[in-house]
Structures are given as structure tokens and as C-alpha cells.
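Engineer: First to last, the sequence lines map onto chains A and B.
Numbers given in the numbering used here equal positions in the first sequence, counted from 1, plus 178.
Numbers given in the numbering used here equal positions in the second sequence, counted from 1, plus 271.
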Amino acid sequence: MHINQISVFLENRTGGLAEVTRLLAANNINLRALSIAETADYGVLRLITDDSERASAALLANGNILSVNPVMAVAVPDKPAGLNELLEILAEGDIAIEYMYSLLTQQNGTAYMVFRISDEDKFVKLLGEHNMKPVCPNELNIK
Amino acid sequence: MNRYYQPEIETASQEQIRAWQSERLVKQVKHVWDNVPYYRKKMEEKGVTPDDIKSVDDLHKLPFLTKDDLREAYPYGLVGAPLKDCVRIQSTSGTTGKRVVAFYTQHDIDLWEDCCARAIVAVGGTNEDVCQVSYGYGLFTGGPGLNGGSHRAGCLTLPMSSGNTDRQLQFMTDLGATIICCTPSYAAYLAESIHERGLRDKIKLKAGIFGAEAWSENMRHDIEEKLGIKAYDIYGLTEISGPGVSFECQEQTGMHINEDHFIAEIIDPETGEVLPEGSKGELVFTSITKEAFPLLRYRTRDICVLSRKPCSCGRTLVKMSKPMGRSDDMLIIKGVNVFPSQIETVLLEQGYPANYQIIVDRVNNSDTLEVQVEMTPENFSDSLSKITEMEKSLVAALKAMLGIYAKVKLVAPKTIARSEGKAVRVIDNRKI
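1) So is residue 377 of chain B buried or exposed if we call it buried at 16+ other beta carbons inside 10 Å?
2) Rounded to whole angstroms, how far is the Cβ of residue 364 of chain B from the Cβ of residue 607 of chain B, which I believe are closer than 8 Å?
3) Quick one: measure Cβ to Cβ for residue 288 of chain A and residue 253 of chain A, integer angstroms, because I've assumed they're closer than 8 Å.
4) Drop a sphere of 10 angstroms on the beta-carbon of residue 557 of chain B, count the other beta-carbons inside from all chains shown, and report buried for 16 or more, exposed for fewer.
5) Who does residue 182 of chain A pair with in a DSSP beta bridge?
6) Relative to the C-alpha of residue 548 of chain B, which residue among B/524, B/514 and B/590 is closest?
7) Assign residue 272 of chain B to one of three DSSP states: helix, strand, or coil.
8) As a quick exercise: from B/350, B/688 and B/529, pick the residue whose alpha carbon is nearest that of residue 587 of chain B.
9) Which residues in the same chain as residue 188 of chain A place their Cβ atom closer than 6 Å to its Cβ, once the five residues preceding and following it in sequence are excluded?
10) Find the nearest neighbour of residue 315 of chain A within the set A/304, A/296 and A/251, judged by alpha-carbon distance.
11) Establish whether the CB of residue 652 of chain B and some CB of chain A are separated by less than 8 Å.
12) Scan the region 296-379 of chain B and note each continuous alpha helix (DSSP H) run of 4 residues or more that stays entirely inside, going in chain order.
13) Are any of the Cβ atoms in chain A nearer than 8 Å to that of residue 680 of chain B?
14) Report yes or no: is there a C-beta of chain A within less than 8 Å of the C-beta of residue 646 of chain B?
15) Can you give me the Cβ contacts of residue 418 of chain B inside the same chain, cut-off strictly under 8 Å, excluding the 5 residues immediately before and after it?
16) What is the DSSP secondary structure of residue 439 of chain B, reduced to helix, strand or coil?
17) Output, in sequence order along the chain, the residues in the region 210-234 of chain A whose CB is closer than 9 Å to any CB in chain B.
18) Please state whether DSSP places residue 507 of chain B in a helix, a strand or coil.
19) Are any of the Cβ atoms in chain A nearer than 8 Å to that of residue 669 of chain B?
20) Just verifying my parser: in three-state terms, what is the DSSP assignment at residue 552 of chain B?
21) Taking 8 Å as the limit between beta carbons, can you name the residues of its chain near residue 273 of chain B, skipping five residues before and five after?
22) Start and end of the alpha helix (DSSP H) containing residue 611 of chain B?
23) For a contact meaning CB atoms closer than 9 Å, what does residue 685 of chain B contact in chain A?
24) Using a beta-carbon distance below 8 Å, is residue 187 of chain A in contact with chain B?
25) Whose Cβ in chain B lies nearer than 8 Å to the Cβ of residue 183 of chain A?
26) With respect to 7 Å, is the separation between the Cβ of residue 600 of chain B and the closest non-hydrogen atom of the ligand HEM below this value?
27) Given a threshold of 16 other Cβ atoms within 10 Å of its Cβ, counted over all protein chains shown, does residue 311 of chain A qualify as buried or as exposed?
28) Considering only the beta carbon of each residue, do residue 209 of chain A and residue 202 of chain A sit closer than 8 Å?
29) What residues from the region 270-283 of chain A come within 9 Å of chain B, judged by C-beta to C-beta, listed N to C?
30) Going by the DSSP bridge assignment, what does residue 671 of chain B pair with across the sheet?
31) Taking contact to mean 3 or more Cβ pairs, one atom from each stretch, closer than 8 Å, check whether the region 555-575 of chain B and the region 498-512 of chain B are in contact.
32) What is the residue span of the beta strand (DSSP E) that residue 571 of chain B lies within?
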């Protein structure tokens, strides 16, 4: 049910992001999702790759500072108001989202959103009440 | 014009000054021996007793005091008068968080204010002047010292304290301030503001007394030109009293040390050996009139040169050059003493690695301090708000330790150069 997300500390400077993607490319690791949260001086790069173990090993070997955290992905219909319907449910159910971003797939008609939620039990229960559940990693070809 | 505040002292013969010094030193050593067990122990360890000190020539026999001693003896260990006779505390930052706390009897304050009055009269201050004191008031000695000196010199005193430039300029123009006392960087900032606001014709300043931080001849010329004044240096340290330990006269070629209160020596900072007049070395002061905080042979860590060449102002007091550097790693930022070790203490307390770099710069005539520290796996989180919270608490802890704002910059691991042996912790980009 959980997907492993890798967060990497990045200094805010030209070429910093390319260093990470270069490393992933060299190790033949495919990106599934990516988001960046930043301040003026630094940022947190959040990655979902097809192989989080190999990706984090490569980054650690490169001297990067990272943390691996479980996140959840939820399918939403790829149409207007698709995401809104889900977020309305979460708002109604009083679920606080720490952060979220979208995940790339090649499946027609479905988009996926990655969620970092503090109260996951409540989140999963609420999804179940609406006949939804977090996506399993293998459905997304993620190890 | 009244050129001296205490002419009989300021123009006394060298012999007279030496006689005063010897007499007061002998008395002071006895006073310290009887009242300051901490220093008595140091003397005993060196095998010196008050009987060995018969004149200034014997000064070199006494042990040194350093900032480490002040920390060890903190807070009351070096006090030489009963606390019931002490009336004031002033303070400055110390090496690793323990502040330097200095004590004063009323007599000490009287003499300190006399020293400051000498400085104000030396730049032409009289009872017809309006003296704006824009040093900070409070634990910092700048405001209280010059304030007292200004009273004694008979000036109409404006106790502005530091900051609030709008209000500073309003009082300066409305009340016709003729003398201003502040840090040189604040003077440069005020000069810039006066220039920008087109107030040059509305100010009546003729002289400024600027101290508590390093400044160059270039900066002096710049301030003098922009404000149409004469800019004078003043020197002092809380441990010895505060501003007014030495002061510039109208010749502007060094600061006359108030030798009737403070004996100056220049030593080799490595060996502690006293160097002959004219040598460059570390300045050491012995307070010979202080009652509450009578420091003997206190190492200032300031590197400078003393000169007894006759001065055109008529003063016979020895002159010291502007400090040319430090024999320790103390930085003076916005007039505040900052030690890298203080920053290190805070970083370790807050769970950061001791590998850090301090970048000091001067932007728009104001000092800036940036502390660069490496991110660690323990401090990292996928939540940006957790990282920024941590950063904020580090900024707050640094502010609490240093008394000034330091920008914190979190950097990637291994980006701060690790040098063999002594690390280069400080990069000072100020062009003063």
C-alpha cells in the first residue's frame, strides 16, 4: 500500500538538480514522480522511482543527504473535477495533507496523486468509505 | 578655547606621569593581593608578592590576565571591592557564552566619565555644544560612557541610543547637534541617509567620536566629506572600563592613552615578553585606579604600536595606533564582540556538526554575519517546514548567544572545506 519516496537535500544552485538526474540516468533508474519544495537557499527534492532501494543506494554513495519515507498514491479520474472530488472528500473528513503531487503513468483515463498524510489510518478508512484505496506499488511498476 | 578637560594631567611631564603610575601601581597591587584571591593565587604561583613591585619598572613581574581568566572567575571572582560599594555592572560577550561582567564603584564611574570627557573636549566639545550619543545604552559601555563624559564636558546631551535613524536625524536637525558619538559604521550609514535626504544644509555637526569597531582612514575621509565634520577615533574595552581608555586629539594620528589610570605595555603575543617602544605587538593594560574591577596586566589581544613622539596637541600621554589586528580570533561585528567558539557552542547544542564557516561582510555600511553549516542525515526531513523550524531555532539560539542577528545557511554535506590542521572558520569580506 505504501510507496517509498526518497527526499534529497539540494542546495539552491544551478546544476544541482541535474546532478541527481545524471546519477539516476547512469544507474538506469526511471523517475515516476518528482516534486520540489524550496526556500531561497535550499530545497527538498522528493522522488519516486521505479526502484527506490537502488536509487537511494546510488544517492547515498554519491554523498547526498536523503530520507526515505512511505507515502500513498491514489488513483483519480483524468477528467475535469477528478482531483477535486477526492480533495472534497478529504476536506469533509478533516484529513490534513502535509504535501501532495502528481505521479506520471501511461494508463489512459487515470491520473495518480501522491499524498503525505500524518493520520494514514483515518485516510485509508475514509477512502474505503468512498470505495477507494491507495494504489499498490506494483500496479505502478514501482519496487 | 578649552582644549583640555584636565590639563594638569593631560600635559603633565613624562616624569610626573611615571611617578603617578608607580605610586598607584604599588598601591593597586597591594589592594588586589588583599582583595582578589584569584589574582593573589596567580601571583603566588609566579612567586611574586606586593613587596616585589616597587615601581612601573617591576610591572613585567606580574602575571597576565586573559579572557579565559574572566570566564573562570565569572561572575564575582575578580571583584576587588565589597559589593555594597559597587554601583554598576556593564557587560560584553565572552569567549564561549559566558559574558564578561565588569563592576564599578561610584569612584570608578567618575574616573571613567572623566576619561570620556577628555575625549569630548579633545575634539572641541564645550558647554556650547549639543552632543548626540548614538551608541547603545544598557549593558554595552558605549552609551553610558560617552553620556557621562558629555555631561562632564558640559555639553547638552542627547541620549539617543542606537537605531531608529528617522528619529536620530530629526533630533540632529531640530536640536542642532554639533557632536555625534556612535560606531563608525553607523556614522557612515547616517552620512549616507543625510546625503540621500538632502539634509546636509540642515545639520550643524562639527565633530564625531567613533569607536567600538575597526575603521580605516578611507572610511574617515568618507565620513568627514559627507558630513562636513572631523571624525575622531576612541578606544576602550569593558574589562578595563569602556570607551575612553584612549582617544584621538585634533592631530588624528593615534589615540592618547589615559596613562594616569591605565598603564599600557606592548608584548610579544607568543612569548609574553615586553617589547620596546615602537614595536608592534599585543596591547596589555593594567588598571591602576579601578576599585571594583582592578585588572592587572590584562591582555587585550589587540595588536598595535605605542608612540611617545611629542604631539602637536600638547598632550604628553602616550599614543596608540589603531588596532591592526587581533592575536586571537575575536571578530567585531556591528560593534559586538563575536568569537567563533561561541558559534560553535550553539551549533553543537543544536545538534549541528562543528564543521561550519562564518562569512562576515559589510553591506550598505552595515556588518552582516552569515553562518554556513552542513545539513546532516539526522537533521534532514522530507518536510520543508520541519527544516525551516529547525533553522529558525538555530537563528534564535545564535541571537541569544551573540546578541546580534546571524543569517543561517544550510549547505550540502562536504561543501565546507576541511583543511589540514587549523580550519579556516572565518571569511571576512569587509573592505574597511
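Backbone N, C-alpha and C define an ideal beta-carbon position, used for all residues, glycine too.
Structural biologist: Concretely, from the data shown:
1) Residue 377 of chain B should be labelled exposed.
2) Confirmed, Cβ separation roughly 7 Å.
3) The pair is a contact, with the Cβ atoms about 5 Å apart (cut-off 8 Å).
4) Buried is the call here.
5) Answer is A/248, bridged to residue 182 of chain A.
6) When only C-alpha atoms are compared, the closest one is B/590.
7) Only weak support exists for where residue 272 of chain B lies, its pLDDT of 47 falling under 50; the value from the coordinates is given anyway. In the structure shown, residue 272 of chain B adopts coil according to DSSP, grouped into three states.
8) The shortest C-alpha separation from residue 587 of chain B is found at B/529.
9) Contacts found: 194, 221 and 223.
10) From the listed residues A/304, A/296 and A/251, the smallest Cα separation to residue 315 of chain A is found for A/251.
11) Taking Cβ atoms only, chain A reaches closer than 8 Å to residue 652 of chain B, which makes this a yes.
12) Fully enclosed alpha helix (DSSP H) runs of no fewer than 4 residues occupy 308-317 and 338-343 of the region 296-379 of chain B, in order along the chain.
13) Yes, contact with chain A.
14) Interface residue, yes.
15) Listed in chain order, the non-local C-beta contacts of residue 418 of chain B below 8 Å within the same chain comprise 404, 408, 428 and 430, local neighbours out to five positions each way being set aside.
16) Note: residue 439 of chain B maps to helix in three-state DSSP.
17) Cβ contacts with chain B: 215, 216, 217, 219, 220, 221, 222 and 224.
18) Strand, per DSSP.
19) Answer no: the Cβ-Cβ gap between residue 669 of chain B and chain A never drops below 8 Å.
20) In the structure shown, residue 552 of chain B sits in a strand (DSSP, three-state: E or B).
21) Its pLDDT being 49, under 50, residue 273 of chain B is placed unreliably in this model, and the value from its coordinates should be taken loosely. Result list for residue 273 of chain B: 392 and 397, in chain order.
22) For residue 611 of chain B, the enclosing alpha helix (DSSP H) covers residues 611-620.
23) 241, listed in chain order.
24) Residue 187 of chain A counts as touching chain B.
25) Those within 8 Å of residue 183 of chain A in chain B are 653.
26) No copy of the ligand HEM appears in this structure; indeed no ligand is present at all.
27) Residue 311 of chain A is exposed by the Cβ-count criterion.
28) Cβ atoms of residue 209 of chain A and residue 202 of chain A: closer than 8 Å.
29) Close to chain B, meaning a Cβ-Cβ distance shorter than 9 Å, are the following residues of the region 270-283 of chain A: 276 and 277.
30) The partner list for residue 671 of chain B (beta bridge, DSSP) is empty, contrary to what the question assumes.
31) Touching, yes, given that three or more Cβ pairs across the two stretches are closer than 8 Å.
32) Per DSSP, residue 571 of chain B belongs to the beta strand (DSSP E) from 569-578.
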